[in-house]
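I have placed the structure first, in the form of structure tokens, so that the comments after it can refer back to it.
There are 2 protein chains.
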Amino acid sequence: MLNRAAAQRVRTFAPRTDIAREGEKPKDVHLILNGWACRYKQLEDGRRQIVSFFLPGDICDLNIFILREMDHSIGTITPVSIADLSREFFDEISTGYPRIATAFWWETLVNAAIQREWTMNLGQRTASERMAHLLCELFFRLRLAGLAEDNGCSFPLTQADLAEATGLSKVHVNRTLQELRANNLIVLKGKMLVLPDLERLMSAGLFNANYLHLDREGRQLDANE
Amino acid sequence: MLNRAAAQRVRTFAPRTDIAREGEKPKDVHLILNGWACRYKQLEDGRRQIVSFFLPGDICDLNIFILREMDHSIGTITPVSIADLSREFFDEISTGYPRIATAFWWETLVNAAIQREWTMNLGQRTASERMAHLLCELFFRLRLAGLAEDNGCSFPLTQADLAEATGLSKVHVNRTLQELRANNLIVLKGKMLVLPDLERLMSAGLFNANYLHLDREGRQLDANE
DNA sequence: CGAGAAGTTGAAGCGTGTCAAATGCAGTGG
DNA sequence: CCACTGCATTTGACACGCTTCAACTTCTCG
């Protein structure tokens with residue numbers, strides 16, 4: 001069902017371009033088929049904050065068309081291909097396919113949990129904890145999507161991206177990464193991230209994966225007929 | 001319908017107590033009938049972050065029972081009374097009352113938008129911008145709930161609460177509030193907040209209410225039969 | 001091979017945190 | 001009604017994490 005819908009309307013975007021802009025009227029829901037994207041917000045004076053990352057398989061803002069206008073923008077990091085899912089499609093789903101509807105709720109709730117964890121991250125963690133935490137999160141999510149190796153993954157974010165996501169300056173991101181490298185917690189070079197000791201990185205970032213609710217996702221869905 | 005459900009199981013809590021704790025299995029959804037509460041997360045070393053506030057009329061985590069365990073805690077600020085809404089109630093709603101179901105989605109989406117704005121707040125705004133922004137948000141939300149005067153509202157948060165919500169130290173919260181007072185942006189005394197010039201406070205906090213999606217809430221609901 | 005983007009380095013400044021003590025305030029019991 | 005108590009707020013001095021600015025180096029890719 002999802003594959004059928006996804007194949008309907010597919011669009012591709014170059015890296016560093018906008019898929020949707022703040023102020024626009026949201027029409028469709030976007031399913032990321034390929035590539036990395038992000039949600040970001042911007043102040044009048046130019047300060048930018050990346051508020052979340054989208055990885056392949058992620059869905060942007062389910063049911064967003066209930067709201068009148070976008071309060072944020074969505075932009076690509078790498079080349080990205082997305083499927084546009086229409087409102088009608090969702091109405092059809094929610095009545096006819098309860099298991100998929102439950103999966104959508106799961107997605108919505110986990111996204112909310114991630115956003116809360118980011119609030120925690122920015123509010124309480126130091127620069128290096130924050131960076132370690134973000135790297136752990138991305139690795140776990142990529143692994144869930146089947147896009148990671150055992151101890152690493154491809155990693156297209158620049159230090160400027162990391163700065164906008166962590167609320168740090170570019171320069172300090174650079175120094176923070178050096179610190180993590182010096183402690184043998186990461187190897188980050190040429191768009192590849194290797195995590196030689198995930199356990200230690202997790203504790204360096206005070207990372208607890210509970211908020212990702214990875215446990216028994218499949219069983220959960222099966223349990224709801 | 002909602003009133004009927006809300007009257008079913010009502011519980012009251014003293015100030016500064018937990019309604020639910022991280023790690024527990026979520027059973028019901030809570031509707032705040034009275035008082036202020038908050039969602040918070042805590043690190044092992046004690047650092048605490050308030051990730052959102054609940055005001056009367058707010059609903060905590062719709063459909064949360066899809067997840068296996070709470071990734072955060074919910075605690076009261078003031079005395080609070082809540083109604084526990086069961087899973088069955090929601091299944092009934094979502095099939096039988098599409099307008100209420102849409103209203104629930106609206107609530108869910110706006111909460112997500114608020115969480116994103118908090119991410120922006122912590123990541124990009126300075127201490128005084130951050131504080132001004134938070135005060136604006138709470139005032140707008142209280143006004144929407146019919147709980148604010150024209151230029152002020154009752155305000156039960158302590159400076160320690162504000163510190164945990166803004167990611168600042170208590171001492172710096174104190175100084176930041178003094179700065180806002182000195183600029184005649186707020187009068188905060190004895191659990192009452194007065195905003196002599198909302199426009200100026202909004203611009204001091206770079207506050208744009210678009211993320212609250214206050215526009216035509218009623219019409220929106222009516223439009224969805 | 002050249003040019004622009006990404007990453008790195010050093011020095012200096014500032015915003016916010018920390019520590020510690022004083023003051024103000026509200027509720028309680030005698 | 002006042003003294004007592006504990007919590008909330010305020011103040012000052014100092015320390016430090018992070019930012020800023022500016023220049024330099026290294027990568028990437030056409």
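Going down the list, the sequences are from chains B and Y. Position 4 of the first sequence, counting from 1, maps to 4 under UniProt numbering, and the rest follow consecutively. Position 183 of the second sequence, counting from 1, maps to 183 under UniProt numbering, and the rest follow consecutively. Just so you know, even glycine gets a beta-carbon here, dropped at the ideal spot from N, CA and C.
Under 7 Å, Cβ to Cβ, is there at least one residue of chain B near residue i?
| i | result |
| --- | --- |
| Y/D161 | no |
| Y/R141 | no |
| Y/K189 | no |
| Y/N174 | no |
| Y/R11 | no |
| Y/V51 | yes |
| Y/R219 | Below a pLDDT of 50, predicted positions are generally treated as unreliable, and Y/R219, at 46, falls in that range; the measurement from the model is reported next regardless. It does not: the Cβ of Y/R219 has no partner Cβ on chain B nearer than 7 Å. |
| Y/R87 | no |
| Y/R130 | no |
| Y/N63 | yes |
| Y/D215 | yes |
| Y/R200 | no |
| Y/R47 | yes |
Compare the Cα-Cα distances from residue i to each of the options and report the closest residue.
| i | options | result |
| --- | --- | --- |
| Y/N44 | B/E179, B/R125 and B/L214 | Sequence inspection shows Glu at residue 44 of chain Y; the Asn mentioned does not correspond to that position. The shortest C-alpha separation from Y/E44 is found at B/R125. |
| Y/A209 | Y/R141, Y/A7 and Y/S154 | Y/R141 |
| B/P56 | B/N63, B/I82 and B/Q42 | B/I82 |
| B/F207 | B/F104, B/D18 and B/I114 | B/I114 |
| Y/D58 | Y/L147, Y/H72, Y/Y97 and Y/T17 | Y/L147 |
| Y/E137 | Y/M202, Y/L33 and Y/M192 | Y/M202 |
| residue 227 of chain B | Y/L185, Y/T119, Y/Y211 and Y/W105 | No information on residue 227 of chain B is available, as it lies outside the stretch 1 to 225 that chain B covers here. |
| Y/E164 | Y/P15, Y/K27, Y/V29 and Y/C38 | Y/C38 |
| B/P79 | B/I32, B/V110, B/D61 and B/R47 | B/I32 |
| Y/F90 | Y/D28, Y/T17, Y/L195 and Y/I186 | Y/D28 |
| B/F65 | Y/A7, Y/F139 and Y/T108 | Y/T108 |
| B/T76 | B/H172, B/I100, B/D18 and B/M120 | B/D18 |
| Y/A20 | Y/C153, Y/D61 and Y/N174 | Y/D61 |
| B/A127 | B/K41, B/G205, B/A160 and B/S73 | B/G205 |
| Y/P98 | B/S94, B/R99, B/I186 and B/I100 | B/S94 |
State yes or no: is the beta carbon of residue i nearer than 7 Å to at least one beta carbon in chain Y?
| i | result |
| --- | --- |
| B/A20 | no |
| B/D28 | no |
| B/K25 | no |
| B/Y211 | yes |
| residue 231 of chain B | Beyond the ends of chain B as shown, which are 1 and 225, falls residue 231 of chain B; an answer cannot be given. |
| B/R68 | yes |
| B/A223 | Because the pLDDT of B/A223 is 39, which lies under 50, any placement of that residue in the model is unreliable, and the question is left without a value. |
| B/K170 | no |
| B/G167 | yes |
| B/L206 | yes |
| B/T17 | no |
| B/D71 | yes |
| B/L135 | no |
| B/L43 | yes |
| B/A37 | no |
Check residue i in the structure and name its three-state DSSP category.
| i | result |
| --- | --- |
| Y/K170 | helix |
| Y/F54 | strand |
| B/G152 | strand |
| B/N184 | coil |
| Y/I66 | helix |
| Y/A7 | helix |
| Y/H30 | strand |
| Y/L157 | coil |
| B/L193 | strand |
| B/F139 | helix |
| Y/R175 | helix |
| residue 256 of chain B | Residue 256 of chain B cannot be examined here, being either before or after the span of chain B that is shown, 1 to 225. |
| B/A37 | strand |
| Y/R200 | helix |
| B/Y130 | It is worth fixing the name first, because residue 130 of chain B is Arg in this sequence and not Tyr. Residue state, collapsed to three classes: helix. |
| Y/F207 | coil |
| Y/D222 | For Y/D222, the pLDDT reaches just 44, beneath the cut-off of 50, and the residue's location in the model is therefore unreliable, leaving the point undetermined. |
Taking a cut of 9 Å between CB atoms, which residues from the region 110-126 of chain B lie near chain Y? V110, N111, A112, A113, Q115, R116, E117, W118, T119, M120, N121, L122, G123, Q124 and R125
Scan the region 79-126 of chain Y and note each continuous beta strand (DSSP E) run of 3 residues or more that stays entirely inside, going in chain order. Note on the region 79-126 of chain Y: whole beta strand (DSSP E) runs with a minimum of 3 residues are 80-85, in chain order.
Chain Y contacts from the region 96-108 of chain B (Cβ-Cβ distance under 7 Å): T102, W105, W106 and T108
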